[in-house]
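Colleague: I am attaching a structure below and will ask some questions about it afterwards.
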Amino acid sequence: QVTLKESGPGILQPSQTLSLTCTFSGFSLSTYGMGVGWIRQPSGKGLEWLANIWWDDDKYYNPSLKNRLTISKDTSNNQAFLKITNVDTADTATYYCARIGTIAAILLFDYWGQGVMVTVSS
Amino acid sequence: DIQMTQSPASLSASLGETISIECLASEGISSYLAWYQQKPGKSPQLLIYGANSLQAGVPSRFSGSGSGTQYSLKISSMQPEDEGDYFCQQSYKFPYTFGAGTKLELK
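Residue numbers (my numbering), protein chains in the order written: chain U, 991 to 1112; chain W, 10 to 116.
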């Protein structure tokens, strides 16, 4: 059974660094082909993909967030992490982590966490 | 970036009605297209991948079709539990992009 759960600070101030953790079970990020992605959703709005990390430590980032994102993993503890530097109110959103599955060479977010709400406010 | 234009933005359907949601990509995405359902306060759930493959456990009234730049999601008989938001997503090129969403309500 695959599960993922996000955790984060809840509230932080502009210019701070947001640190998010995704703790998962039912799969391993050391297994060939496995990956974890981060996606966010401002309240009442659409979804925005942020970053992916793969079993071989390959990483992809959304260039719209320029160099503010850093994704990493701790394979032994089944965790993935996302840091966003220099946050502002536009980063207020629910942040999701999701497993990246591969079927017939098609990448898909097949399991999602429940999401963690993050508010940036002074 | 590949833009995903989703329509309609909202839709109201009667019980048992067949509905379709469209997604238009700004360039060809070779069927690297997924559909997700999101219920209020919940995370998105994968419905369709590869444009027309049904994810395990998803009711067969859901189906996907399309190729090139045009894709659609069909619900063949609207049920109360189908209310929610629906999003398309391309995984053909980075950055992955999502459609703006369709809110589906039961009339």
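All C-beta atoms in this analysis are idealised placements derived from N, C-alpha and C, irrespective of residue type, glycine included.
1. Could you tell me the alpha carbon to alpha carbon distance between residue 1013 of chain U and residue 44 of chain W, rounded to whole angstroms?
2. Using a threshold of 9 Å, state whether the C-beta atoms of residue 46 of chain W and residue 56 of chain W are closer than that.
3. Output yes if chain U places a C-beta closer than 9 Å to the C-beta of residue 54 of chain W; else output no.
4. Identify which residue in W:90, W:104 and W:111 has its Cα closest to the Cα of residue 81 of chain W.
5. So, does the CB of residue 34 of chain W fall closer than 9 Å to a CB anywhere in chain U?
6. Within 10 angstroms of the Cβ of residue 91 of chain W, are there 16 or more other Cβ atoms? Answer buried if so, exposed if not.
7. Just to confirm, is the Cβ distance from residue 61 of chain W to residue 39 of chain W under 9 Å?
8. Is residue 1092 of chain U buried or exposed, if buried means 16 or more other CB atoms sit within 10 Å of its CB?
9. Determine the DSSP secondary structure at residue 1066 of chain U, reduced to helix, strand or coil.
10. Using a cut-off of 7 Å between C-beta atoms, extract the partners of residue 71 of chain W located in chain U.
11. Along the stretch 1079–1106 of chain U, what residues have a CB closer than 7 Å to any CB found in chain W?
12. My understanding is that residue 1068 of chain U touches residue 104 of chain W, with C-beta atoms under 8 Å, so please give their C-beta distance in whole angstroms.
13. Of the residues that make up the stretch 77–110 of chain W, which ones have a beta carbon closer than 8 Å to any beta carbon in chain U?
14. Taking 9 Å as the CB-CB limit, is residue 43 of chain W close to chain U?
15. So who's on the other strand from residue 94 of chain W, going by DSSP bridges?
16. Please compile the residues from chain W whose C-beta is within a distance smaller than 8 Å of the C-beta of residue 1036 of chain U.
17. Just how far apart, CA to CA, sit residue 992 of chain U and residue 1016 of chain U?
18. List in chain order: all unbroken beta strand (DSSP E) runs of 3+ residues lying wholly within the stretch 996–1043 of chain U.
Modeller: Taking the coordinates as given:
1. Cα to Cα, the separation comes out at about 25 Å.
2. Cβ distance < 9 Å, so residue 46 of chain W and residue 56 of chain W count as in contact.
3. At least one chain U Cβ lies under 9 Å of residue 54 of chain W.
4. Distances from the CA of residue 81 of chain W to each of W:90, W:104 and W:111 were compared; the closest alpha carbon is that of W:111.
5. It does not: the Cβ of residue 34 of chain W has no partner Cβ on chain U nearer than 9 Å.
6. Of the other Cβ atoms in all chains shown, 16 or more fall within 10 Å of the Cβ of residue 91 of chain W; this residue is therefore buried.
7. At a Cβ-Cβ threshold of 9 Å, residue 61 of chain W and residue 39 of chain W do not count as neighbours.
8. So residue 1092 of chain U ends up on the exposed side.
9. For residue 1066 of chain U, the three-state secondary structure derived from DSSP is helix.
10. Chain U residues near residue 71 of chain W: none, gap ~15 Å exceeds 7 Å.
11. Residues 1086, 1093, 1094, 1096, 1097, 1098, 1099, 1100, 1102, 1103, 1104 and 1105.
12. That pair is no contact at about 26 Å.
13. Taking 8 Å as the Cβ-Cβ cut-off against chain U, the residues of the stretch 77–110 of chain W that qualify are 96, 98, 100, 103, 104, 105, 106, 107, 108, 109 and 110.
14. Taking Cβ atoms only, chain U reaches closer than 9 Å to residue 43 of chain W, which makes this a yes.
15. Beta-bridge analysis with DSSP links residue 94 of chain W to W:47 and W:112.
16. The answer, in chain order, is 96, 107, 108, 109 and 110.
17. C-alpha separation (whole angstroms): 4 Å.
18. Those beta strand (DSSP E) runs which fall completely within the stretch 996–1043 of chain U and span 3+ residues are 1008–1015 and 1025–1031.
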